[in-house]
Amino acid sequence: MDKTYSSAASAVADIPDGASIAVGGFGLVGVPIVLIRALLAQGTTALHVVSNNCGVDGWGLGELLREGRISRVIASYIGENKDFARRYLGGELEVELTPQGTLAERMRAGGSGIPAFFTASGVGTMVADGGLPWRYGPDGQVTVSSPAKETRLISSLGSAKEYVLEEAIVTDYAFVRAAKGDRHGNLVFEKSARNFNPVAGMAGRITIAEVDELVEPGQIDPDEVHLAGIYVNRIVQLGAADAADLPIEKTTTRPRAAAATLNGQR
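Residue numbers (UniProt numbering): 1 to 266.
Written out as structure tokens, the structure reads:
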């Protein structure tokens, strides 16, 4: 089955207001920016986003955030996105913060048909006990808090330890960015761009991938596939300019030492 679409706009055309979307990426690495911008141009709003973070000010998911298109976020951290922090603290946005590893496993579990799992992360904190602020009111008061979660003593390796129950995440759609994909949807991610992309792709009922390179079925060695085509429903091949749109979040430089030769040594 050929899953390719002619454009990002056509691939996201059926996403309605209020849809939930799992989005791959970590910081600015492996972000499906073309699909995000296509959704922005379409005007879709009231989105529920699941992603490690929400981009940065004015780039990535930050572009949707800037236009007020996102109403709820499940993420592991706010980072340095000042707009994200302002909207959350100002009561414009509901935010469910969850430990990073737990977030990844919740998406993986959703794609694997596992409804919930126990983990030690968060035991003894508000993650398990409840009370994390999900939404603030205009006056700064907490209006929505996280509920308490089930905990259980589980014996393992001869000792009992407390664990908290975390529920899987399944979203209406998922956006991922891959270096290579074939027409059947098998994907290969480039180095650290692999990050949250595979598990985000697993979590979506309809997963849309933008790829730098599109190849024919059989041209990707099965051992090299990072996300199997069974999880991917639509593929968009990026143009050269879009594929090269890879900003750096923080650029750190230092003065280059002057080249000098002294006694045969540099």
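Where is the CB? At the ideal position from N, CA and C, for every residue including glycine.
Quantities reported herein were computed from a predicted structural model and do not represent experimental measurements.
- When DSSP states are grouped into helix, strand and coil, Y231 belongs to the helix group.
- At least 7 angstroms separates the beta-carbon of G130 from that of A116.
- Between the beta-carbon of I36 and that of G60 there is about 6 angstroms, and that keeps the pair under the 8 angstroms contact cut.
- A Cβ-Cβ distance of about 18 angstroms is found for the pair S121 and W134, leaving them out of contact under the 8 angstroms criterion.
- The region 193–200 makes no contact with the region 157–164: fewer than 3 CB pairs, one atom from each, lie closer than 8 angstroms.
- Burial of R87 is indicated by the presence of at least 16 other C-beta atoms within 10 angstroms of its C-beta.
- Contact annotation, S71 with A46: C-beta distance approximately 5 angstroms; criterion of less than 8 angstroms satisfied.
- In the three-state reduction of the DSSP assignment, A193 falls in the helix class, which pools H, G and I.
- For the set A11, E210, Q100, S112, the Cα lying nearest the Cα of K180 is the one of E210.
- Membership of I74 in the beta strand (DSSP E) is indicated by the continuous run 70–75.
- With respect to F175, P32 sits close: the two C-beta atoms are nearer than 7 angstroms.
- With contacts defined as CB atoms closer than 7 angstroms, T207 and V236 fail to qualify as a contacting pair.
- Rounded to whole angstroms, S112 and P255 show a C-alpha spacing of 50 angstroms.
- Secondary structure in the region 118–150: the alpha helix (DSSP H) runs of 4 residues or longer, each lying completely within the stretch, are 126–129 in chain order.
- Taking the Cα positions, T4 is about 35 angstroms away from P99.
- In the three-state DSSP reduction, V164 falls in the strand class (E or B).
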